[in-house]
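In the numbering used here, the protein residues as written are 108 to 842.
Take a look at the structure set out below.
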Amino acid sequence: MTLATDMNQAQRFLTLLAGDEPLTFQTFDDGATKNPKLARILHGNLEEHAAALSVLNAQGAGIFVMVNCGDGLGRKAANVTDIRALFVDLDGAPLEPILAAGVEPHITIESSADRYHAYWLVSDCALEQFTPLQAALAAKFNSDPKVKDLPRVMRLPGFWHQKAEPIQTRIIEEKSHAPYAVAELMERLELNTKPTAKSIDDTPVQTLNFDRKNAIAGFAQGNRDDGLFRYACSLRGRGLDKKEAQLLVLAAAANCQPLMPELDANKCLESAWHYDSARTERLTDVGNAKRLVSLHGRDLRYVPEFKKWLVWDVGRWLIDEDGEIMRRAKITAAAVYVEAKSASEAGEQPMADKLASHAGKSQSVQRLKAMIELAQTEPGIPARTTELDNNNYLLGVANGVINLETGALREPRREDLITKRALVAYEPDAKAPMFLAFLDRIMGGNQALVGFIQRAVGYSLTGITDEQCLFFLHGSGQNGKSTLLTVIKELLGDYAMQCPAETLMAKQGGGIPNDIARLRGARMVATSETEDGRRFAEAMLKQLTGQDTIAARFLFAEYFEFIPNFKIWLAANHKPVIRGDDFAIWRRIRLIPFAVTIPPEEKDGKLPEKLRAEYPGILAWALQGCLEWQRQGLNPPPEVLAATEEYKSEMDLIGKWIEECCITASHATAKASALYGNYKRWVEDNGGFALSSTKFGMKLGDRGYQKEKSGTVVYHGIGLADTTDSLDSFSVSTS
Numbered sequence: 108m109t110l111a112t113d114m115n116q117a118q119r120f121l122t123l124l125a126g127d128e129p130l131t132f133q134t135f136d137d138g139a140t141k142n143p144k145l146a147r148i149l150h151g152n153l154e155e156h157a158a159a160l161s162v163l164n165a166q167g168a169g170i171f172v173m174v175n176c177g178d179g180l181g182r183k184a185a186n187v188t189d190i191r192a193l194f195v196d197l198d199g200a201p202l203e204p205i206l207a208a209g210v211e212p213h214i215t216i217e218s219s220a221d222r223y224h225a226y227w228l229v230s231d232c233a234l235e236q237f238t239p240l241q242a243a244l245a246a247k248f249n250s251d252p253k254v255k256d257l258p259r260v261m262r263l264p265g266f267w268h269q270k271a272e273p274i275q276t277r278i279i280e281e282k283s284h285a286p287y288a289v290a291e292l293m294e295r296l297e298l299n300t301k302p303t304a305k306s307i308d309d310t311p312v313q314t315l316n317f318d319r320k321n322a323i324a325g326f327a328q329g330n331r332d333d334g335l336f337r338y339a340c341s342l343r344g345r346g347l348d349k350k351e352a353q354l355l356v357l358a359a360a361a362n363c364q365p366l367m368p369e370l371d372a373n374k375c376l377e378s379a380w381h382y383d384s385a386r387t388e389r390l391t392d393v394g395n396a397k398r399l400v401s402l403h404g405r406d407l408r409y410v411p412e413f414k415k416w417l418v419w420d421v422g423r424w425l426i427d428e429d430g431e432i433m434r435r436a437k438i439t440a441a442a443v444y445v446e447a448k449s450a451s452e453a454g455e456q457p458m459a460d461k462l463a464s465h466a467g468k469s470q471s472v473q474r475l476k477a478m479i480e481l482a483q484t485e486p487g488i489p490a491r492t493t494e495l496d497n498n499n500y501l502l503g504v505a506n507g508v509i510n511l512e513t514g515a516l517r518e519p520r521r522e523d524l525i526t527k528r529a530l531v532a533y534e535p536d537a538k539a540p541m542f543l544a545f546l547d548r549i550m551g552g553n554q555a556l557v558g559f560i561q562r563a564v565g566y567s568l569t570g571i572t573d574e575q576c577l578f579f580l581h582g583s584g585q586n587g588k589s590t591l592l593t594v595i596k597e598l599l600g601d602y603a604m605q606c607p608a609e610t611l612m613a614k615q616g617g618g619i620p621n622d623i624a625r626l627r628g629a630r631m632v633a634t635s636e637t638e639d640g641r642r643f644a645e646a647m648l649k650q651l652t653g654q655d656t657i658a659a660r661f662l663f664a665e666y667f668e669f670i671p672n673f674k675i676w677l678a679a680n681h682k683p684v685i686r687g688d689d690f691a692i693w694r695r696i697r698l699i700p701f702a703v704t705i706p707p708e709e710k711d712g713k714l715p716e717k718l719r720a721e722y723p724g725i726l727a728w729a730l731q732g733c734l735e736w737q738r739q740g741l742n743p744p745p746e747v748l749a750a751t752e753e754y755k756s757e758m759d760l761i762g763k764w765i766e767e768c769c770i771t772a773s774h775a776t777a778k779a780s781a782l783y784g785n786y787k788r789w790v791e792d793n794g795g796f797a798l799s800s801t802k803f804g805m806k807l808g809d810r811g812y813q814k815e816k817s818g819t820v821v822y823h824g825i826g827l828a829d830t831t832d833s834l835d836s837f838s839v840s841t842s
């Protein structure tokens, strides 16, 4: 039976809850097996994720949405930025007491048979109020007491609940009146949020004010460390000795959600007991830099070579292009007011006044810039370019990180310093039948070529360049090579770069062009459509496909060094000229022949779009190619070897000239000037570029022709076949 989702229900619920704000979706396997492949976190709106959520629901995943407003960076308490609603999961408890309470929920949901959720939208709920209010609601209506964490997700109406007999979660009642004020809701529902202090023998709990009793009740995740530290500071400020304060701090730690280990609680206490002397020292730009790192450092890195900040963003490090570091500096400066408030509450008004004054000054442009600049060198913040993306067997993907040596998927880690990501989710069992049919067609059914392409694409997933080669997709038009190149490039996302063919071609001046700098960290570089007769910049090609360190720079920036990790994929109708006939250049070329021309009646203008729908399957196919490459290497088939050898033969102009214009025999001789003049005319007549006479002579020597110098230079073993030239230009000995 096909379970059709109701997107209208889903969108209606989300509009009531959040308006047009971005959302965080979470999926889990509804079945008993708890398949990890069905666990996803998606940020954005329903429109962009509707297709993926529908597929996951059809595969057995439950579809949930985070009720509160998040920052789009994760699904933890620290990511929650605002409270949208208070809510209950009745979990079998009756709905009637809520309906009889006289405070209408804005939204009532039937999540499964006779099981309900109720939501009261609120306008002014502080983050720290949320957990105690949720606990009070659960106590009043006998609902699930676990539903009190800030990032709590709830089932999304319109999708199917499949833990037992499938049932579609649905809205059964909605009200459009304004959100409630928290005070009104507490009063009308008679909610009691006052905590019960944990009893501690011989501890002067009675001396604590109401806020401190709240502290003893514990702090929620996301506010735990800071809350406990501030609480310890306030105890010190009230004159408690360290032993008395320790009892209270440990009591509060035991009630935190999640529980704070005793070791960490004691660290908070020690920090508080040493904080007073440090605070004065921190009323400086250096102090602000340390605050910035303390608050945000785990999500920030600075790259000196680029003079740019990196910010942790949903599983990878991104270059800060839109001022995120400045936004975080502003938050840090404003947080000094919190320090001032804590000092004031602790009865330390002189220090509170100093902190408040410093907070105001810290929000000037000059002080914010100073904070950011000084933070660049704080411990743990600098990251060298050589540290970025330096594990060549890790591949960032939309749903984690793949270990390319094993094929295993895991969670992203900040310490990996991954700055790139393939924009496709890894699904090991995904298939790509249309893509495989496409490959079979453009390769004329030659599975040896298809297998080679699979290994080449798999190799290109890695940052390894041991093969030191360039993949050249060659053939006349209408043969699928550009489509294939686009698929590979889009599949690899951030790891792939488009490079103009001009970058790889010989030009005046030589050297490494500026646009090479942007290729740092890429694993695949695509280029196409060279002009007929253009020549490869062979020396640079050797550098780019080798394992040498390259010095490059961005415009108006300093040089930095990197070792290329990318594999060059060139698709072209014309073969660029290669003058060299040495092994060092030709061993790098892997020419893949595209000999099949697709007739117009077979062309499918929507093929690229159809193939994009198979990208998860194509990624799984590419990963199998990577594992196969690790087993057997690229192992080019005879067709690739023959096509490459033919290319080499076509580029061997001296060889062709000898074949067409010369005789080779032990008794043959000719003047060097005659040979070079004939060669030069022949090359120019054929539209080629003649070598200099010196290089020409070196090439003849490389082929084993001996020269003798006695007034004029004469070569032995080669002569000109055109006997119409004058006898003083050449001679053929007949003795």
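For every residue, glycine included, the Cβ atom is placed at its ideal position computed from N, Cα and C.
Item: Throw me the rounded Cβ distance for the Leu197 and Phe248 pair, which I believe falls under 8 Å.; Value: 7 Å
Item: Around the Cβ of Ser384, are there at least 16 other Cβ atoms within 10 angstroms (buried) or fewer (exposed)?; Value: Here the model assigns Ser384 a pLDDT of 43, short of 50, so the residue's position is not dependable, and the following value carries that caveat. Flag for Ser384 reads exposed.
Item: Tell whether a beta-carbon distance below 8 Å holds between Ile426 and Lys414.; Value: no
Item: Could you tell me how far apart the beta carbons of Leu193 and Leu124 are, in whole angstroms, since I believe they sit closer than 8 Å?; Value: The pair is not a contact, with the Cβ atoms about 12 Å apart (cut-off 8 Å).
Item: For Ser773, count neighbouring Cβ atoms within 10 angstroms of its own Cβ and tell me buried if that reaches 16, exposed if not.; Value: exposed
Item: DSSP on Phe845, reduced to helix/strand/coil?; Value: Absent from the model: residue 845. The displayed extent of the chain is 108 to 842, so no value can be given.
Item: Using the C-alpha atoms, what's the distance from Pro368 back to Thr310?; Value: Only weak support is given to the placement of Thr310: the predicted model assigns it a pLDDT of 31, under 50, and the value that follows is read from those uncertain coordinates. Spanning the two alpha carbons is a distance of roughly 21 Å.
Item: Taking Cβ to Cβ, would you say Pro264 is nearer than 8 Å to Val229?; Value: no
Item: Contact check, Leu598 vs Ala529 under 8 Å by CB: the rounded distance?; Value: 6 Å
Item: Classify Ser449: buried if its beta carbon has 16 or more other beta carbons within 10 angstroms, exposed otherwise.; Value: buried
Item: State the beta-bridge partners of Lys374 as determined by DSSP.; Value: Lys374 pairs with nothing; no bridge assigned.
Item: Mark Leu370 as exposed unless 16 or more other C-beta atoms lie within 10 angstroms of its C-beta, in which case mark it buried.; Value: exposed
Item: Given a cut-off of 8 Å on the beta-carbon distance, is the pair Leu475 and Ala436 in contact?; Value: yes
Item: Could you give the DSSP three-state label for Asn362: helix, strand or coil?; Value: coil
Item: From what residue to what residue does the beta strand (DSSP E) around Asp420 run?; Value: 415 to 420
Item: Three or more beta-carbon pairs under 8 Å between the stretch 452 to 465 and the stretch 488 to 499, yes or no?; Value: no
Item: Take Leu760 and list the residues in its own chain whose beta-carbon comes closer than 7 Å to its own, dropping the five residues that flank it on each side.; Value: Val790, Gly795
Item: How many angstroms separate the CA atom of Phe120 from the CA atom of Phe669?; Value: 51 Å
Item: Given this structure, state the Cα-to-Cα distance separating Lys397 from Cys606, to the nearest angstrom.; Value: 41 Å
Item: Run the CB neighbour count on Gln133, radius 10 Å, all protein chains shown included, and call it buried at 16 or more, exposed below.; Value: buried
Item: On a Cα-Cα basis, can you pick out the residue from Asp689, Ala442, Thr122, Ala158 that is closest to Ser401?; Value: Ala442
Item: Per the contact definition of three or more C-beta pairs closer than 8 Å, is the stretch 577 to 592 in contact with the stretch 669 to 682?; Value: yes
Item: Give the single residue among Gln269, Leu741, Tyr500, Phe559 whose Cα lies nearest to the Cα of Leu628.; Value: Before going on, a small fix: residue 628 reads as Gly here, not Leu. For Gly628, the nearest C-alpha among the options comes from Tyr500.
Item: Does DSSP put His284 in a helix, in a strand, or in coil?; Value: coil
Item: Can you tell me where the alpha helix (DSSP H) with Gln737 in it begins and where it stops?; Value: 722 to 739
Item: Can you tell me where the beta strand (DSSP E) holding Ile685 begins and where it ends?; Value: Ile685 -> no beta strand (DSSP E), and no H or E assigned at all.
Item: In terms of residues, what are the limits of the beta strand (DSSP E) holding Gly151?; Value: 147 to 151
Item: From what residue to what residue does the beta strand (DSSP E) around Asn510 run?; Value: 507 to 510
Item: Taking 8 Å as the cut-off, does the stretch 684 to 700 touch the stretch 567 to 582 (at least 3 CB pairs, one atom from each stretch)?; Value: yes
Item: Taking 8 Å as the limit between beta carbons, can you name the residues of its chain near Arg520, skipping five residues before and five after?; Value: Val508
Item: Based on the DSSP output, what are the partners of Trp267 in its beta bridges?; Value: Gln275
Item: Measure the alpha-carbon distance for Leu110 versus Ala372 and round it to whole angstroms.; Value: 50 Å
Item: What three-state label does DSSP hand Thr391 in the structure shown?; Value: coil
Item: Does Ala659 come out as helix, strand or coil in the three-state DSSP assignment?; Value: strand
Item: How big is the Cα-Cα spacing for Ala225 and Trp267?; Value: 18 Å
Item: Give me the DSSP bridge partner(s) of Val133.; Value: Correcting the residue type first, residue 133 is Gln in the shown sequence and not Val. Gln133 pairs with Ile148, Phe171.
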